[in-house]
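Report on one structure; see the data block that follows.
In the working numbering, the protein residues as written are 5 to 330.
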């Protein structure tokens with residue numbers, strides 16, 4: 005199966021649809037509505053209310069929407085990777101890896117702020133890849149900062165991703181203080197615009213619901229969460245180690261993008277600890293960049309038999325956790 009996803013044939017999208025049904029079917033059988041744990045942002049609350057008015061409160065519809073968003077993200081991240089030539093040839097392995105690893109934990113398949121933040125972060129990551137080739141990047145930096153500010157309105161702790169932007173600027177470009185200031189201004193801008201609107205429409209009380217943030221260091225007792233973490237971290241480390249053999253052959257831009265992805269994974273792993281109420285479902289934000297390292301594992305193992313064995317072991321683990329565990 006890995007052999008088919010390794011190719012860049014557009015018809016592989018059909019196989020990806022079948023694969024999505026395979027790894028997500030359990031969640032369609034046992035649907036959930038949406039996440040509302042007290043950490044969600046104002047825009048997320050408003051969006052959920054609008055969806056409820058438009059299509060109702062059916063758990064099946066919310067779960068279907070979540071899976072469709074995951075599939076869309078898988079295709080978009082694959083498009084970005086192929087456009088930037090992070091692999092030697094076009095491939096659909098990032099899409100396969102993302103759909104597989106988001107199936108490791110049930111909370112990663114529920115309509116949530118993390119799911120919406122990932123959608124915005126795809127655009128952010130795509131814009132970051134352009135920083136290296138731009139002579140003047142002030143407009144791009146402001147737009148990225150603005151997008152991160154919007155993420156904060158869906159899920160306020162995601163403003164921690166400003167660290168990703170600042171570190172990406174250090175990796176991709178020479179240090180320019182003006183660009184850093186513009187990035188911060190872009191980050192603040194959505195809050196300023198929303199605050200102005202709420203003040204002018206006499207809804208200022210809603211603004212107090214935006215900064216939902218805290219610091220938590222929880223004790224994780226759920227073995228499924230530990231299993232998902234161990235599998236994800238193992239593939240991340242293995243993907244990074246295998247990357248060392250091919251990164252020397254890449255262009256400088258490609259090397260820098262992979263460096264940004266490493267930072268992205270670490271920052272995304274930290275973000276959920278700033279929740280009002282810690283929840284491992286927000287580690288979904290780390291699975292997006294991590295899936296590229298998973299894809300590199302399957303890409304680097306040229307022996308199809310070995311690659312398929314590793315894939316089927318992972319797939320079997322996913323299915324066992326879904327259907328045969330409590």
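Glycine included, every Cβ here is placed at the ideal spot set by N, Cα and C.
Nearest-angstrom Cα separation, counted from residue j out to residue i
i	j	result
residue 222	residue 92	41 Å
residue 95	residue 41	37 Å
residue 267	residue 184	17 Å
residue 86	residue 292	15 Å
residue 294	residue 213	31 Å
residue 325	residue 317	12 Å
residue 34	residue 68	11 Å
residue 49	residue 115	12 Å
residue 203	residue 46	15 Å
residue 243	residue 297	5 Å
residue 198	residue 139	32 Å
residue 270	residue 25	30 Å
residue 284	residue 148	26 Å
residue 29	residue 327	10 Å
residue 249	residue 256	15 Å
residue 231	residue 330	13 Å
residue 166	residue 173	11 Å
residue 187	residue 132	12 Å
residue 310	residue 105	19 Å
For residue i, the three-state DSSP class (helix, strand or coil)
i	result
residue 38	strand
residue 115	strand
residue 121	helix
residue 149	helix
residue 179	coil
residue 257	helix
residue 9	helix
Anticipated Cβ contact below 8 Å, residue i with residue j, distance rounded
i	j	result
residue 2	residue 27	A query on residue 2 cannot be resolved here, the shown segment of the chain reaching from 5 to 330 and no further.
residue 164	residue 191	The Cβ separation is near 11 Å, so there is no contact.
residue 331	residue 160	For residue 331 there is no data in the structure shown, the boundaries of the chain being 5 and 330.
residue 261	residue 88	6 Å
residue 108	residue 235	6 Å
residue 113	residue 31	4 Å
CB contact flag (residue i, residue j, <7 Å)
i	j	result
residue 97	residue 225	no
residue 194	residue 241	no
residue 134	residue 124	no
residue 36	residue 281	no
residue 119	residue 72	no
Test: residue i CB closer than 7 Å to a CB of chain D
i	result
residue 35	Of the chains in the structure shown, none is chain D; there is only one protein chain.
Please list the segments of the alpha helix (DSSP H) lying wholly inside the stretch 210-251, counting only runs of 4 or more residues, in order along the chain.
Unbroken alpha helix (DSSP H) runs of no fewer than 4 residues, entirely contained in the stretch 210-251, are found at 227-250, following chain order.
Would you list, in sequence order, the uninterrupted beta strand (DSSP E) runs of no fewer than 3 residues that lie entirely inside the stretch 282-316?
If we require 3 residues or more, the stretch 282-316 turns out to have no beta strand (DSSP E) run fully inside it.
Completely contained beta strand (DSSP E) runs for the stretch 21-95, where each covers 3 or more residues
none
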